[in-house]
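Remarks on the structure that follows.
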Amino acid sequence: MSSSTTDASLKTSAPKASAPAILTAAVITVSDSCARGERKDLSGPAVAEVLKEAGFRVVATQIVPDDSMQIQNALVHFAIEVRFIVTTGGTGIAARDVTPEATEAICDRLIDGIAERMRLEGAKKTSFAALSRGVCGVHDKSLILNLPGSPRGAVESLEVVLDLIPHALNLLEGHTEHK
Amino acid sequence: MSSSTTDASLKTSAPKASAPAILTAAVITVSDSCARGERKDLSGPAVAEVLKEAGFRVVATQIVPDDSMQIQNALVHFAIEVRFIVTTGGTGIAARDVTPEATEAICDRLIDGIAERMRLEGAKKTSFAALSRGVCGVHDKSLILNLPGSPRGAVESLEVVLDLIPHALNLLEGHTEHK
Amino acid sequence: MSSSTTDASLKTSAPKASAPAILTAAVITVSDSCARGERKDLSGPAVAEVLKEAGFRVVATQIVPDDSMQIQNALVHFAIEVRFIVTTGGTGIAARDVTPEATEAICDRLIDGIAERMRLEGAKKTSFAALSRGVCGVHDKSLILNLPGSPRGAVESLEVVLDLIPHALNLLEGHTEHK
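Chains as they are written, first to last, in this note's numbering: chain A, 1 to 179; chain B, 1001 to 1179; chain C, 2001 to 2179.
In structure tokens, the structure reads:
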């Protein structure tokens, strides 16, 4: 739950001095056809827009093909810069869908409950949500979230878990209470 | 969502010429007592019946004991012949229940959302559905689904995910749209 | 599903003669600050109280720091003595939260449906339940359940799965019907 003050300061790009701005995000579009320039990436910009409206500063976007090493490299690279990395695409069940495996490969831990909620809420709109294999995990202090490849599926999946993200980022920064 | 045309052609065993019939299935009953002939297998035939009614051609059935290697061998063998392999039995939490582990051992990837839906829907009938550990996974282009051992549990679990299967098989064949 | 007779006999500590009392439990509080004596452990006693009311004989409680090896040692040690081991704490997403990993490390198998139900029911009270990473697993014939660290979260999570535990313990003892 980002406070409105924080949202405002991020939206106007006010300098944050010493404190790291945790509401920073990057969006990775995973798609062979978009990477080859054969298709316009609609999902990445749609996801970035939702993030901005929620108070995130989206500092980077990138398109990578459905290649596990390239996905892993992009994730690890962005995790140095931002606290929240969202991918769109490659979460299906076909052989080329490798985003979940690439994400798991570089994550220290997974948060099953977030993926579970995306599928549960998604199932209210389409039963095919059960076939989405996207995961949510932690790499160092960054949270990584896999969204489906379609613009609508990506935005809807993001929206049903977005309220959890600022709290999760706080916990990853070490701001816990009952310890 | 198999079309009624497809259903009809499969039910009458019309020749499929060059196109592979993706609605082919095999049923494996996993049970020590059935394998020893001490108990009649009711679950396997019940599951096969549901598959036939849904338009699948059930080309093989087999009874194997609760032995991981025998389960794995049966799965890998049937995956050459059919696109959908259903197991019944061995999904509980006792030491002899090894079907999920055997399935995971030979799967390229798991589809958690399908197992999740079986438990969710099952919980509406009995809270013990939470103890079912059945998984759903992909081996090459074949989908494998673990069902509980009781005839009723097996049939009910299958029915709540059956609408997803033809679509999933299409995706495994490489028929994707938004890539 | 403990019978009232069993409850009574356990509550009055009546001798169980030859039959092993399967409704035996241990509670492990996982917390750095409690282990250092800086904070009073409220969750452990609250969980123990719920277990006693449900007919369990709580034979041991222990406080350990958020250290994977110490958690594993406590789990393996208690699994010799009791059939149900409950932990509270260390299930969050921060770096120090290692209870799920420690539990998985010593479990023969996991029961995803139980963790799933805790999150599902928990989500009805707070959306942050999705961030709880607690697992449920089997070590030998003992069931291990991870609960959140807050007294309220721990008690509520336990209560939503408590009806499954005696049945699960029976299955682990080898009392299965349809095999």
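Yeah, the Cβ is synthetic: ideal placement off N, Cα and C, and Gly gets one too.
Note that the coordinates shown come from a computational prediction; the quantities given were computed from them, not determined experimentally.
Going by the beta-carbon positions, is the gap between residue i and residue j smaller than 8 angstroms?
i, j, result
"G2149 (chain C)", "T2088 (chain C)", "yes"
"I2071 (chain C)", "T2099 (chain C)", "yes"
"A2094 (chain C)", "G174 (chain A)", "yes"
"V27 (chain A)", "A54 (chain A)", "no"
"V1050 (chain B)", "T1024 (chain B)", "no"
"L158 (chain A)", "L147 (chain A)", "yes"
"T1061 (chain B)", "G1037 (chain B)", "no"
"M2118 (chain C)", "V2160 (chain C)", "yes"
"E2116 (chain C)", "E116 (chain A)", "yes"
"L1169 (chain B)", "F1084 (chain B)", "yes"
Can you look up residue i in the DSSP assignment and give me helix, strand or coil?
i, result
"V2138 (chain C)", "strand"
"I1028 (chain B)", "strand"
"L131 (chain A)", "helix"
"I2022 (chain C)", "coil"
"L2145 (chain C)", "strand"
"S2004 (chain C)", "Low local confidence applies: a pLDDT of 34 at S2004 (chain C) is under 50, so the model's placement there is unreliable, with the coordinate-based value given in what follows. Helix at S2004 (chain C)."
"L42 (chain A)", "coil"
"G153 (chain A)", "helix"
"V1160 (chain B)", "helix"
"H1175 (chain B)", "coil"
"T12 (chain A)", "Because T12 (chain A) carries a pLDDT of 39, less than 50, the predicted location of this residue cannot be relied on, and no value is offered for it."
In whole angstroms, give me the CA-to-CA distance for residue i and residue j.
i, j, result
"S2031 (chain C)", "T126 (chain A)", "42 angstroms"
"D97 (chain A)", "V86 (chain A)", "16 angstroms"
"S2142 (chain C)", "D1066 (chain B)", "21 angstroms"
"I2106 (chain C)", "M2069 (chain C)", "10 angstroms"
"L1075 (chain B)", "L1042 (chain B)", "20 angstroms"
"E1081 (chain B)", "I1022 (chain B)", "10 angstroms"
"A977 (chain B)", "K40 (chain A)", "Because residue 977 (chain B) is not part of the residues shown, which for chain B are 1001 to 1179, the question remains open."
"H167 (chain A)", "F56 (chain A)", "13 angstroms"
"T103 (chain A)", "H77 (chain A)", "13 angstroms"
"E2101 (chain C)", "K1052 (chain B)", "43 angstroms"
"L2171 (chain C)", "K2124 (chain C)", "30 angstroms"
"A1046 (chain B)", "T91 (chain A)", "33 angstroms"
"H2139 (chain C)", "L2145 (chain C)", "11 angstroms"
"T2029 (chain C)", "S1033 (chain B)", "42 angstroms"
"G2153 (chain C)", "N2073 (chain C)", "25 angstroms"
"A79 (chain A)", "P2151 (chain C)", "34 angstroms"
Check: In chain order, which continuous runs of the alpha helix (DSSP H) of length 4 or greater are located wholly inside the segment 1053-1128 of chain B?
Finding: 1068-1081, 1099-1106, 1112-1122
Note to self: Counting beta carbon pairs with one atom in the segment 1111-1122 of chain B and one in the segment 119-136 of chain A, are three or more of them shorter than 8 angstroms?
What the structure shows: yes
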